[in-house]
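J.:
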Amino acid sequence: MAVRSLFPTLFYEDTIADGALVEELEASVRALAQDDIAGKRWSKAHGYRGYTSYASLNDLPLRDPAFADLKRHLDRHVARYAEACGFALGGRKLKLDSLWVNLLKPGGAHSGHIHPHSVVSGTMYVAVPPGSGALRLEDPRLGLMMAAPPREGSFFHAEPAAGTIFLWESWLRHEVMPNTAKADRITVSFNYRW
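Quick note: the sequence shown uses this note's numbering, first residue 741, plus one each step.
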């Protein structure tokens, strides 16, 4: 008898061990949260508990040297992940398509979602106070199990720290668990396309 594991879902975790960059990013995100009127309006209109530049700023690596430095780190991590996934890129590289910041206030969360029109998505963690919530990833088969009995391991909780970077294929459903900390959780999220 043979039982094989087919079609694995690969999840990438590493650290950007540049404390000065993490501090610069935190200062930049806090400044954006104060100054980005359009982002604050969008966050309020969509019930986002805190601030996100998701719908307001699409040029952060050009706007701020800290994000340009982060992009250089991300490009290297994404290239390693793409290789691990076995992507046949035909000599091309995945390119950063979008990058946005998230300042999640206590009590904030982000419900389950995917990132359409992208290949690789990820998050870099800037400020992660204790209790600020894990990234929860969902077994991609869950919606197809129909009459199957429950099984263990349908969700994976990835616990970050400041400087952590997580990468996954953009079709993988995920969510941000509630921030139960008494301080802000700050992240930079991004998508890469082919």
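Even glycine gets a Cβ: it sits at the ideal position worked out from N, Cα and C. Keep in mind the model is a prediction, meaning the values are calculated, not measured.
Can you pull the DSSP bridge partners for Ala898?
T.: Numbered from 1 along the sequence shown, position 158 holds the residue referred to as residue 898. Per DSSP, Leu875.
J.: Out of curiosity, what's the CA-to-CA distance linking Leu750 and Asp837?
T.: By 1-based counting over the sequence shown, the position of residue 750 is 10. By 1-based counting over the sequence shown, the position of residue 837 is 97. One C-alpha to the other measures close to 21 Å.
J.: With 16 as the cutoff for other CB atoms within 10 Å, does His850 come out buried or exposed?
T.: In the sequence shown, counting from the first residue as 1, residue 850 sits at position 110. It counts as buried.
J.: Which class does Ser858 belong to by DSSP, given the choice of helix, strand or coil?
T.: Against the sequence shown, residue 858 aligns to sequence position 118. DSSP places Ser858 in coil when its eight states are reduced to three.
J.: Go through its chain and collect everything with a Cβ distance to Phe896's Cβ below 6 Å, but skip five positions before and after it.
T.: The residue given as residue 896 occupies position 156 in the sequence shown. Here the set comprises Leu877.
J.: Rank Val868, Gly903 and Ser910 by C-alpha distance to the C-alpha of Ala757 and give the top, closest one.
T.: The residue given as residue 757 occupies position 17 in the sequence shown. Closest by alpha carbon: Gly903.
J.: Reducing DSSP to helix, strand and coil, say where Arg933 ends up.
T.: In the sequence shown, residue 933 corresponds to position 193, counting from 1. In the structure shown, Arg933 sits in a strand (DSSP, three-state: E or B).
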